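Note sheet for the following structure.
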DNA sequence: GTGAAAGCGCTAACAT
DNA sequence: ATGTTAGCGCTTTCAC
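Residue numbers (the numbering used here), protein chains in the order written: chain A, 2 to 341; chain B, 2 to 341.
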């Protein structure tokens with residue numbers, strides 16, 4: 002209990018000297034090695050606590066080859082969904098003695114590539130990542146040369162077998178689209194990111210299926226699948242809704258897209274739930290408070306975060322890789338009415 | 002350019018052998034040491050690129066005593082304000098060759114204390130932190146024993162001289178309160194976190210000053226300064242607004258508080274901007290899109306993040322510590338009308 | 001059960 | 001200008 006006020010840099014050597022034992026004995030006590038006498042344990046622990054010794058994790062990392070650091074690479078932590086994922090993930094990792102290095106790829110493939118390089122050089126034990134583009138050839142190289150455990154968030158890379166936490170967007174989007182179709186919509190706009198990621202492909206499957214159910218094809222001219230950022234959504238929502246014919250309903254995939262689209266609609270003067278039906282894929286905190294209330298396809302970000310951590314720990318412990326599917330839930334609210 | 006497909010674990014030794022030179026020569030080339038002949042540089046660089054050698058940052062850290070890692074400790078990364086700060090900060094750090102380890106303290110002083118311990122054991126070069134409680138005795142100990150550079154976010158710890166990025170909440174809150182008082186309000190509720198942090202104290206100064214200007218004292222019974230979390234705000238907004246006499250106006254400090262308060266108001270059935278005047282301190286993205294439009298005191302989170310990184314780098318480079326004040330801006334919107 | 005010694009990958013004297 | 005060597009703090013054989 003009695004700790005030095007200023008612990009300059011107490012090493013295992015200081016402890017060994019203080020306790021009058023060998024370095025290796027201190028190491029054994031610290032690591033809970035079974036071959037340690039009670040007397041030894043007591044002496045060492047006394048020295049440790051009076052000196053306030055704390056093992057140097059850098060030295061341990063170099064020696065053991067394990068840093069107990071997990072990299073976390075996402076587009077943008079200021080996206081509330083990722084923030085919730087990151088938080089839950091960090092807490093789980095922390096509980097198991099791991100720390101998280103956070104990097105924002107900024108939806109930029111080169112930045113992401115550099116992120117992976119730094120992770121590699123930092124010898125992280127694993128990386129949890131939501132890739133910018135599954136198909137980019139450099140990504141495959143990054144993942145392989147990383148030489149660490151990998152858990153992907155809503156991504157699948159062809160030719161590489163990794164663990165992943167996937168979301169069943171299909172189901173939620175299917176229900177949402179069906180809901181709109183049942184209300185009489187056939188001209189449904191869709192604004193989101195590129196099909197080079199699982200997220201969009203899986204959502205489009207649900208979207209197309211709902212149209213297929215009524216024997217229709219989707220109208221490609223109502224699709225804007227070029228970016229998850231708010232700017233893209235703003236511009237393309239603007240375009241879509243000011244062209245003729247214009248969609249009577251609109252879906253936006255991702256929190257930033259939703260934001261950008263709502264800004265555009267406000268600027269144009271189209272009222273959601275009245276002048277057009279609107280469904281958001283992924284929920285923004287506050288959706289419950291403000292009006293209009295937004296219909297949305299929800300997924301639990303905290304579960305995604307916690308599960309990604311568990312899967313990472315499982316790979317590290319037993320080498321077991323697997324995929325996990327998180328369910329989605331469509332909730333109809335005010336915004337998906339109107340428009341006809 | 003020609004890289005090996007599988008770079009098992011190329012060390013500086015492999016490079017030295019391949020190039021037929023000494024380890025130290027390779028090291029000199031890698032670090033850009035001036036005493037290197039062109040021939041040597043060429044030979045080493047050839048070996049480096051054919052082998053795909055990348056220096057091990059763990060080994061470098063152990064040797065140099067610098068990890069080029071900055072810790073970032075905040076209550077909760079899923080708070081959009083912190084997320085924006087973290088993102089800008091991470092990007093600036095990255096640009097200068099530093100990585101960020103993220104930890105959520107969860108508004109828990111013991112978790113925070115453990116966070117600092119891990120940071121210490123990981124030998125981070127610095128920590129950027131928004132402390133849970135400036136006054137807690139353990140905090141001082143954490144900061145001192147950290148033995149690293151420190152930049153505080155909106156915090157000041159008595160007896161310890163650190164760099165800090167502070168916000169001029171005073172001005173914004175003063176203006177907001179004056180705005181409410183000018184409209185005829187005298188019963189103004191205030192829901193936010195404890196005065197054990199600079200943020201709240203500084204806000205309360207502005208709040209009191211505006212009352213002082215008209216020769217009045219604030220009514221303590223309208224204050225609820227017990228927590229930044231949404232739950233606290235929900236409960237206490239509920240209490241405040243269902244008691245007699247009830248405030249005719251309400252201010253909430255912090256994004257989560259605002260969320261909790263708005264939920265409570267919705268549940269009670271009080272309409273912001275009509276049944277009561279409402280001002281939020283700190284802006285939530287989306288405030289511009291939804292209705293009612295929320296009056297708020299804004300601060301630029303990105304600037305806070307970028308500046309905190311700059312200040313950290315400055316301490317590391319030249320040891321210079323300083324305080325920086327970020328300005329705030331009050332914007333009156335629909336929500337701060339009504340209530341009388 | 002305990003100690004001595006090698007070495008993880010790197011850099012910085014110190015020598016030449 | 002280049003090579004040799006010690007050592008950052010730790011763990012892990014290997015002896016005893």
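Quick reminder that beta carbons are idealized off the backbone N, C-alpha and C, glycines included.
Note that the structure is a prediction, hence the values are computed from the model and not measured.
Within 10 angstroms of the beta-carbon of residue 245 of chain B lie fewer than 16 other beta-carbons, which makes it exposed. Shown here for residue 93 of chain A: same chain residues with a beta carbon closer than 6 Å to its own, the five before and five after excluded, namely 307, 310 in chain order. The three-state reading of DSSP puts residue 323 of chain B in coil, since its state is none of H, G, I, E or B. Closest by C-alpha distance to residue 70 of chain B, out of B:123, B:115, B:105, is B:123. Against chain B, the CB of residue 102 of chain A has a partner CB under 8 Å away; the residue lies at that interface. In this structure, DSSP gives residue 66 of chain A a state outside helix and strand, which the three-state scheme calls coil. A residue is called buried when at least 16 other Cβ atoms come within 10 angstroms of its Cβ; residue 80 of chain B meets this threshold and is buried. Under the three-state reduction of DSSP output, residue 175 of chain B falls in the helix class. Per DSSP, the unbroken beta strand (DSSP E) holding residue 296 of chain A starts and ends at 296-299. Within chain B, the residues whose beta carbon sits less than 8 Å from that of residue 88 of chain A are 77, 78, 79, 105, listed in sequence order. Within the DSSP bridge table, the entry for residue 252 of chain B names B:191, B:280 as partners. In the DSSP assignment, residue 330 of chain B is bridged to B:299. Rounded to whole angstroms, the separation of the alpha carbons of residue 185 of chain B and residue 103 of chain B is 45 Å. By the 16-neighbour rule on beta-carbons within 10 angstroms, residue 39 of chain B is exposed. For residue 121 of chain B, same chain residues with a beta-carbon under 6 Å away, outside a window of 5 residues either side, are 147 in chain order.
Chain B places a beta carbon closer than 8 Å to that of residue 56 of chain A, counting this residue as a contact. Counting only the Cα atoms, residue 288 of chain A lies some 24 Å from residue 241 of chain B.
Between residue 226 of chain A and residue 195 of chain A a beta carbon distance of about 6 Å is seen, short of the 8 Å cut, so the two are scored as contacting. The distance from the Cβ of residue 273 of chain A to that of residue 336 of chain A is about 5 Å, consistent with a contact at the 8 Å cut-off. In chain order, 57, 58, 59 make up the part of chain A whose C-beta sits under 8 Å from the C-beta of residue 124 of chain B. Excluding its 5 nearest sequence neighbours in each direction, residue 150 of chain A has C-beta neighbours in its own chain below 7 Å: 126, 127, 313, 316, 317, listed in chain order. Runs of the beta strand (DSSP E) spanning 3 or more residues and lying entirely within the region 86-137 of chain A occur at 100-105, 127-130, in chain order. By the 16-neighbour rule on beta-carbons within 10 angstroms, residue 170 of chain A is buried. Within the same chain, 334, 335 come within 6 Å of residue 294 of chain A by CB-CB distance, once the 5 residues on both sides are set aside. When 7 Å is used as the limit between beta carbons, residue 63 of chain B is near these residues of chain A: 59, 60, 63, in chain order. When 9 Å is used as the limit between beta carbons, residue 292 of chain A is near these residues of chain B: 291, 292, 293, in chain order. Look at residue 267 of chain B: its C-beta is under 8 Å from a C-beta on chain A. When rounded, the separation of the alpha-carbon atoms in residue 53 of chain A and residue 164 of chain A is 40 Å.
Between residue 60 of chain A and residue 63 of chain B, the C-beta gap is smaller than 8 Å, which places the two residues in contact. Boundaries of the alpha helix (DSSP H) harbouring residue 32 of chain B: 24-32, taken from the DSSP string. In the pairwise beta carbon analysis, the region 251-271 of chain B is classified as touching the region 194-214 of chain B: at least three pairs are separated by under 8 Å. Out of B:331, B:49, B:109, B:264, the CA that lies nearest to the CA of residue 234 of chain B is found in B:264. Residue pairing for residue 151 of chain A: DSSP places it in a beta bridge opposite A:128. According to DSSP, residue pairing for residue 225 of chain B in a beta bridge involves B:192. Where residue 236 of chain B is concerned, the enclosing alpha helix (DSSP H) starts and stops at 231-243.
Contact fails between the region 274-281 of chain A and the region 215-226 of chain A, because fewer than three Cβ pairs, one in each stretch, are under 8 Å apart.
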